[in-house]
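Under this note's numbering, the residue at position 53 of the sequence shown is numbered 825, and the numbers go up by one with no gaps. Glycine included, each C-beta is placed from N, C-alpha and C at the ideal position.
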Amino acid sequence: MDTPLAEPRPVIPRVIGAAATGTVLATGAGHYLSWVEHRSNQACETTDGLCFTWWDLTAIPLIITIALVVLVVVYKQLGIRPRLAVIPPTILLAPFPFVAAQTTAGWWAVTITGRAWSCAFALAAWSRYRILGITAAGTLLLASLVVLYR
773 MDTPLAEPRP VIPRVIGAAA TGTVLATGAG HYLSWVEHRS NQACETTDGL
823 CFTWWDLTAI PLIITIALVV LVVVYKQLGI RPRLAVIPPT ILLAPFPFVA
873 AQTTAGWWAV TITGRAWSCA FALAAWSRYR ILGITAAGTL LLASLVVLYR
């Protein structure tokens with residue numbers, strides 16, 4: 773049967789979709805964390821000691837929850853199948869390259885790193901490109917650890 777749904781979809785548009793999603797998530801998280809830091813500094817400027825705001829305590833869990841929901845929905849639409857093997861490393865290991873990119877070049881580098889990070893893990897979803905995807909993600913992670921801990 774030659775139906776359009778029976779034919780496999782090409783990988784390139786799916787990887788580009790994953791890269792665009794990573795870019796949007798990294799940029800959004802960066803701007804949100806910047807906003808939280810600004811609000812926290814305003815609220816705590818009169819305090820001499822330790823000061824935590826509600827936004828400080830909920831920023832990271834909120835970012836992880838939003839990223840998880842967005843990645844599950846987008847990856848399902850893109851047809852990236854082993855979501856359980858792709859999404860947790862994407863979310864849990866992403867802070868290392870993002871912090872390294874932000875400390876060396878600023879927030880514009882975080883968006884580029886988010887694109888590359890999501891693209892690498894999306895490639896790892898297909899057996900044909902798994903070695904390339906895992907190698908790219910491992911290289912990004914290793915480079916970020918070198919930048920952070922040198």
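Between the alpha carbons of A908 and A892 lies a distance of about 6 Å. Under the three-state reduction of DSSP, A866 is assigned to coil, being neither helix nor strand. Straight-line spacing of the CA atoms in V858 and A894 works out to 7 Å. Your pair A839 and L797 checks out as a contact, with CB atoms roughly 5 Å apart and the cut at 8 Å. Distance from the Cα of V918 is smallest, within the candidate group A888, T875, K848, P833, for T875.
A801 and L856 have their C-alpha atoms some 22 Å from each other. DSSP, read as helix, strand or coil, puts G878 in coil.
Taking a cut-off of 8 Å for Cβ pairs, the stretch 823-843 and the stretch 806-815 touch, as three or more such pairs fall below it. Residue burial is scored here from C-beta neighbours: P854 has fewer than 16 other C-beta atoms within 10 angstroms and is therefore classed as exposed. Between V842 and the set A791, W879, V783, the nearest pair of CA atoms involves A791.
Per DSSP, the unbroken alpha helix (DSSP H) holding Y804 starts and ends at 783-815. By the neighbour-count definition (other C-beta atoms within 10 Å, threshold 16), V882 is a buried residue.
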